Structures are given as C-alpha cells and as structure tokens.
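No gaps in the numbering here: position 363 of the sequence shown is 1342 in the numbering used here, and each next residue is one more.
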Amino acid sequence: MFKVKFADIGEGLTEGKVAEVLVKLGQEVKAGDPLFFVETDKVNSEIPAPVTGKIANILIKADQDIVVGEVVMEIDDGSSTAEAKPEPTPAASTTAPIEENASVVGATPVSNKLIDRGGSVNANQNQSNKQILATPLVRKMAKDLGIDLATITGSGSNGKILSHDLKKPSVNQPAQPSVAPSPQAGPAFVASFNDALTFESKPMNAIRKATVKAMKKSHTENASFTGFKDIDVTNLVATRNQIKDVAASQGIKLTFLAFIVKAAAQALKAFPNINVRIDEANNAIQFMNNINIGIAVDTPEGLMVPVIKSADKMSLFQIAHAISDLATKARDKKLTMKEMTEATFTITNFGSVGLTYATPIINPPEAAIMGVGSMTKQPVYLDGEFKPRDIMPFVATVDHRVIDGADAGRFLMKIEEYLQNPVLLLVG
980 MFKVKFADIG EGLTEGKVAE VLVKLGQEVK AGDPLFFVET DKVNSEIPAP
1030 VTGKIANILI KADQDIVVGE VVMEIDDGSS TAEAKPEPTP AASTTAPIEE
1080 NASVVGATPV SNKLIDRGGS VNANQNQSNK QILATPLVRK MAKDLGIDLA
1130 TITGSGSNGK ILSHDLKKPS VNQPAQPSVA PSPQAGPAFV ASFNDALTFE
1180 SKPMNAIRKA TVKAMKKSHT ENASFTGFKD IDVTNLVATR NQIKDVAASQ
1230 GIKLTFLAFI VKAAAQALKA FPNINVRIDE ANNAIQFMNN INIGIAVDTP
1280 EGLMVPVIKS ADKMSLFQIA HAISDLATKA RDKKLTMKEM TEATFTITNF
1330 GSVGLTYATP IINPPEAAIM GVGSMTKQPV YLDGEFKPRD IMPFVATVDH
1380 RVIDGADAGR FLMKIEEYLQ NPVLLLVG
C-alpha cells in the first residue's frame, strides 16, 4: 500500500487547504493523474498521484486544512503483499519519523488546467455521466454559491463553464414572479434598538491568511517611515506616447508601470542601502546583490505579488513584457512558486484603483516598498506662468531601523530624475 503525503510544494510551505478531492474510493489512477486540488499560502496546485494503482483510502475532504507531511491518501499499488520498499534517502536529514513504504508527493508545477471529472465525484447527480469542464476557481465559486455545475451549460470552448456563467440570473437566482408585487404589500420596516447584531462568518482563503500573516509580521517588527513626493511626469507621458506603438508592433503593452519598475531598478543600483534586509540575529544588514522587484497585483482571490527577477538587467520592453505575463498569470492563478518569491523590493500601484495617496506596508523580509498614486493634470508654475502638467504621486515606506528617512527622500529624488528624463531608461 502506498501512502501519499502532502509535501512542501514551495519554499517554506507548512500547510494548505484542500479545495477539492478529484478521485473516489476504488478508482484506478495512473502516476501523474490529479488526486486533489490544494490552496496554499502562495499558489494553488493540483497534486498528482505518485504511483499507479487503485485508491484504497481517502483521508481528506474539501475545505480541510492539511500540513506538510500528513498522509492524505492510500493507493493500492500492489506493494502491500510485496516486500516493503526501502524509503528513499531524503536530500536533507529530518527528525520527523518516516513511515514504512510511504512517500511524499514531489514538487509539482502550478496548474490551472481543466479537470475532467466525468461524473466521478457525486454518484447521486442525475447527470453523472456528463463531462464538466471548469477551472478550480469556477468550481470553488460554484460550491460557495451552492450551484450544481452539472445543471449549467458553459459558454466557453467545448462547453467550458466560465465564471460569468455562474452569474446568470437563471443560475443562481430563484424564478421571479411574473407580476411585480405591489409596493403597498408588506409592512414598512421599523428599526429597533433591540435588534441583535448578526453576521455571517466565512473562512479566509489561503491568500488572505498569508496576507494576514505577512502584514502582522510587518507591523510588529518594522519601524515604518513613509515619505511622499509628487513627481512631474509630463515628459514620461510624451515619451510613452511616442514609443508605445513600437512596443505594440512587437506584441508588448507598454504601461507607465514598466517605466516605473525600470526607474526603481536603476535607483536601487544607485542606492544599495534601500535594497536591504535586516539580520537581527547577527546584528547585520544584508545588502542584496540581486534587484528583484515584486509588483502587487489585485486579483479576485486577493493581493498577489509576482516578482520580476534581475529587473536591473532587463530592457524597458523586457520589463513591460514581464509585467504583462506575470499579471496575467496572477489573475489566472498560474504563478509558480519561483515567480512569487525572492523579491528584494516591491512596487504597488494603488493609483490603478483610484487612490492618490496611501501608506503601503512593507512586505517582509524586504525593508522598503514604493507606492504609486493616480496621475492627474495639475497647473504648475513654470517660467513665470501656470502650465498644465501631468503629476503622479509617489510614496516610499521604509524600515526606519535600517533605512533613514533622508535615504528614502534621496531615493524618491532619483526616481524623479529618471522619470523626468525617461530617455535615460531607454539606454540604461
């Protein structure tokens, strides 16, 4: 009998949450077939079968929290009557007991591909033989809404059920009466001071739990200092307008964020004391050799921060392409763990949601984060007269234990230098 354990599918992962069990007892599976779908702190993944055999025991269920090392299933691979297989020697020593003939699921790539369940989950469904094509996200949405996917006709390719299919009135709302009720029907609502406080409690998803953990750590450990600076980006707007069609001809969407990431990468090279981490245990400051810039992406599941590795060595167009690629993967939940880790500095664009100013919170173990507000046209007094200029707010929050406020100010001034002379970003 092969015991399947939940393994660390990324750096430092300790727990996950079962989003969906994809097999049933007695089902034949081949090595590589998906067993269950798990949500973790960083990404969501399908966990494949490590061996070929028959599902003999399922020890997990949907919405259950599981920890790394926990046995989640047993697969009859014919080894129960055979001589016990020796446990493979792990790469690193561990103090945890090793079960005989047990193994863990190896590192898996993030997957969001369609899962063909073919009526294998619920034998009571009256359309159990119907193939249901839907992403794990859509399946979770349907579950939360209490919608049976077998009753829905998908509007996607090959009948794939899309998220908006769940929002059709005929799907999740009861039939409406043909005659509108009289406005006089029913008593008028009368508020009462004796009404009890009520609420609906919903468990946090993995991304929210990770956000809670990181922000609590940041607020507990960092001594945050936040500086603000409005930057005249009129020249940047003109430059982008001049070359965006060139970028488009190469299949690249050239956004202002690409210029900002490029400027930040160059500024971090000029100010390595911003690109640091604190090493309290050794009373030291770690000056990072890499310049890896995280970009905060707003997704329906919560905030995700994919990372542009070695941004200082990339061209403007390469950065623009990376931003587009990572943002799409974030929204489609296809980011790999490598694409989510090892940032040394983060940029958050709260201007995209209409905010002018905000105080971004440092993403530990980094020591600094830069926020960008919404751009506005403002009158600026230049050469003896008021002229319309494009103004973009910039905010830098730094850990004041290791970065002085003056350094944060000088860093923003360097950002200003690049954005007011954007041609420097085209040759740097």
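Virtual Cβ for every residue (Gly too), placed ideally from N, Cα, C. It should be emphasised that the depicted structure is a prediction, and the values quoted were computed from it without experimental measurement.
Taking the Cα positions, Leu1112 is about 47 Å away from Ser1203.
Where Ile1239 is concerned, there is no enclosing beta strand (DSSP E), although the alpha helix (DSSP H) around it starts and stops at 1235–1249. For the segment 1284–1363, the full-length alpha helix (DSSP H) segments reaching 4 residues or more read 1295–1311 along the chain. Counting C-beta atoms within 10 angstroms of its own C-beta, Tyr1360 has fewer than 16 neighbours from the protein chains shown and is therefore classed as exposed. Taking the C-beta atoms as reference points, Ile1140 is found nearer than 7 Å to Leu1128. In the three-state DSSP reduction, Ile1045 falls in the strand class (E or B). The beta-carbon separation of Ser1197 and Ile1340, rounded to 5 Å, stays under the 8 Å limit for a contact. Between the alpha carbons of Leu1314 and Glu1395 lies a distance of about 32 Å. Within a 10 Å sphere around the beta-carbon of Pro1358 sit fewer than 16 other beta-carbons, which makes this residue exposed.
Contact between Tyr1397 and Ala1246 is confirmed by a C-beta separation of about 7 Å, below the 8 Å threshold. DSSP places Met1052 within a strand segment (E or B) once states are collapsed to three.
Exclusion of the five residues before and after Ala1035 leaves Met980, Glu1053, Ile1054, Asp1055 as the residues of its chain whose Cβ lies within less than 7 Å of its Cβ. Thr1031 is not a Cβ neighbour of Lys996, given a cutoff of 7 Å. CA-to-CA, the gap between Met1120 and Asn1184 works out to about 12 Å. Going by C-alpha positions, Ser1024 is about 22 Å away from Gly1135.
By the C-beta criterion, the segment 1220–1235 is judged not to be in contact with the segment 1256–1272, since fewer than 3 inter-stretch pairs fall below 8 Å. Rounded to whole angstroms, the separation of the alpha carbons of Lys982 and Val1286 is 35 Å. Pairing Ala1193 with Thr1320, the inter-Cα distance amounts to about 13 Å. Annotation: Thr1130 to Glu999 spans about 19 Å, alpha carbon to alpha carbon.
Put simply, the segment 1242–1258 touches the segment 1375–1384. At least three CB pairs are less than 8 Å apart. Thr1190 sits away from Asp1369, with the two beta carbons spaced by 7 Å or more. Residues of the same chain with a CB within less than 7 Å of the CB of Ile1239, apart from the 5 flanking positions on each side, are Ile1326, Val1351 in chain order.
Counting the other Cβ atoms within 10 Å of the Cβ of Asp1311 gives fewer than 16, which makes it exposed. The DSSP-derived three-state label of Ala1275 is coil. According to DSSP, Lys1009 shares a beta bridge with no other residue. Between Ile1186 and Gly1273, the C-beta gap is not smaller than 7 Å, which leaves the two residues out of contact. Taking every protein chain shown into account, the CB of Ala1167 has fewer than 16 other CB atoms within 10 angstroms, so this residue is exposed. By the Cβ criterion, the segment 1225–1237 is in contact with the segment 1292–1304, since at least three pairs of Cβ atoms, one from each stretch, lie closer than 8 Å. By the Cβ-count criterion, Val1402 is exposed, with fewer than 16 other Cβ atoms from all chains shown falling within 10 Å of its own Cβ. Distance from the CA atom of Thr1205 to the CA atom of Leu1233, rounded to whole angstroms, is 29 Å. In this structure, the CA atom of Gly1138 is about 11 Å from the CA atom of Asp1144. Residue range 1384–1399 is occupied by the alpha helix (DSSP H) that includes Gly1384. Within the model, the alpha-carbon separation for Pro1013 versus Ser1331 is close to 37 Å. Here the alpha carbons of Leu1334 and Thr1323 stand approximately 25 Å from one another.
At a Cβ-Cβ threshold of 7 Å, Ala1387 and Val1377 count as neighbours. Between Lys1248 and Ala1041, the alpha-carbon positions lie close to 47 Å from each other.
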